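Student:
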Amino acid sequence: TGVIAKGYQTQVKNKITFTNVINQGQSGKSLTSFAGSDSIVDLTASMVATDIFTFETVTNDFKLNRALGTSSDYLNNTGAFTFYGALRVMVDRCIGLRSTCIIMMFSGLRRNNGGYTSFSTNTLGLSISDYDSAVKFVCEREGFRFIDLRNLSGITERNLSINTLDLLHPNDLGYDLMSKQIITDFKTVLG
392 TGVIAKGYQT
402 QVKNKITFTN
412 VINQGQSGKS
422 LTSFAGSDSI
432 VDLTASMVAT
442 DIFTFETVTN
452 DFKLNRALGT
462 SSDYLNNTGA
472 FTFYGALRVM
482 VDRCIGLRST
492 CIIMMFSGLR
502 RNNGGYTSFS
512 TNTLGLSISD
522 YDSAVKFVCE
532 REGFRFIDLR
542 NLSGITERNL
552 SINTLDLLHP
562 NDLGYDLMSK
572 QIITDFKTVL
582 G
C-alpha cells in the first residue's frame, strides 16, 4: 500500500539508548540454505560485529517451506540445509564476530495471509509453532533470550485486521504492541 510503519527497531532505539545501531536485516530472506539460494546464512560474510544481535527468522522459512530438521542438526553443526542447522551457522557466526555478544531471537508472528494462518501447515506439514520450537530450543540451550511475540505481543487472531497492514506485516498499532514486549525483554536482558 506504500504505507510505512514506524518499526520496532526505531521504537526500541527511542526507549533505550543505543550507540552505533547497525541494521543488518535481510527482509524477505530465508535463514535456511538450499540449491541456488540467496539465504541469510549465505549473506553472513557481510555481517559486522555488534554487542547485540536480534533475529526473527521463523516466518519466511515457514512460508518458503524450508526443511526444519532436528535438534541434532544444531548440536552436530550439520550446515545450513535445515532450519536447526542454519540456526547453528548463524549463532556461530555471531559469536565468531564477538564472543561476548548478546543474542535475542523472536518467535514468528500471527498471520492470515497468502493462504497461511497462524495454525495452518506449509507444504512440508509444518506449522509456525514447529519453527518457533526450534528457535526456543536454541535459546534455552545457549542461554539466549527467546522473545515470544506470537503469544505475548498482544497481536491475536481477533485483532490481526487492526494491527497489521495485510494480516501479516504489522502497522503502527502492531509495532507498538510488539515494541512493548521487546523493550521489556531488552530491559530484562540488559538490566
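Each residue of the sequence shown is one higher than the one before, starting from 392 at the first, in my numbering.
C-beta: ideal position from N, C-alpha, C; glycine also.
For clarity, every value in this text was computed on a predicted model and none was experimentally measured.
#1: When the Cα atoms are used, what is the spatial distance from R501 to V439?
#2: Residue range of the alpha helix (DSSP H) that T575 falls in?
#3: Look up Y399 in the DSSP assignment and give the residues it is bridged to.
#4: Please list the terminal residues of the continuous beta strand (DSSP E) segment that includes M495.
#5: Below 8 Å between beta carbons: does that hold for D523 and R536?
#6: Would you tell me roughly how many angstroms separate the C-alpha atoms of V587 and V412, rounded to the nearest one?
#7: On the three-state DSSP scale, how would you describe T504?
#8: Do you know offhand how far I486's Cα is from C492's?
#9: My parser needs the beta strand (DSSP E) runs of 3 or more residues fully inside the segment 427 to 493; what are they?
Tutor: Short version:
#1: Position 110 of the sequence shown, counting from 1, holds the residue named residue 501. Position 48 of the sequence shown, counting from 1, holds the residue named residue 439. Their backbone Cα atoms lie some 30 Å apart in a straight line.
#2: To locate residue 575, count along the sequence shown from 1; it is residue 184. Run containing T575: D563 to L581, per the alpha helix (DSSP H) assignment.
#3: For the purposes of this step, residue 399 is taken as residue 8 along the sequence shown, with counting starting at 1. Answer by DSSP bridge pairing: none, since Y399 is not bridged.
#4: As a working mapping, residue 495 is identified with position 104 in the sequence shown. For M495, the enclosing beta strand (DSSP E) stretches over residues I493 to F497.
#5: For the purposes of this step, residue 523 is identified with residue 132 of the sequence shown, where counting begins at 1. For the purposes of this step, residue 536 is identified with residue 145 of the sequence shown, where counting begins at 1. Contact flag unset, no.
#6: Residue numbering for the chain in the displayed model covers 392 to 582; residue 587 lies beyond these limits and cannot be assessed.
#7: Indexing the sequence shown from 1 puts residue 504 at position 113. First, the amino acid is wrong: residue 504 is Asn here, not Thr. Residue state, collapsed to three classes: strand.
#8: Translated into positions along the sequence shown, residue 486 becomes position 95. Translated into positions along the sequence shown, residue 492 becomes position 101. When rounded, the distance between both Cα atoms is 6 Å.
#9: 443 to 447
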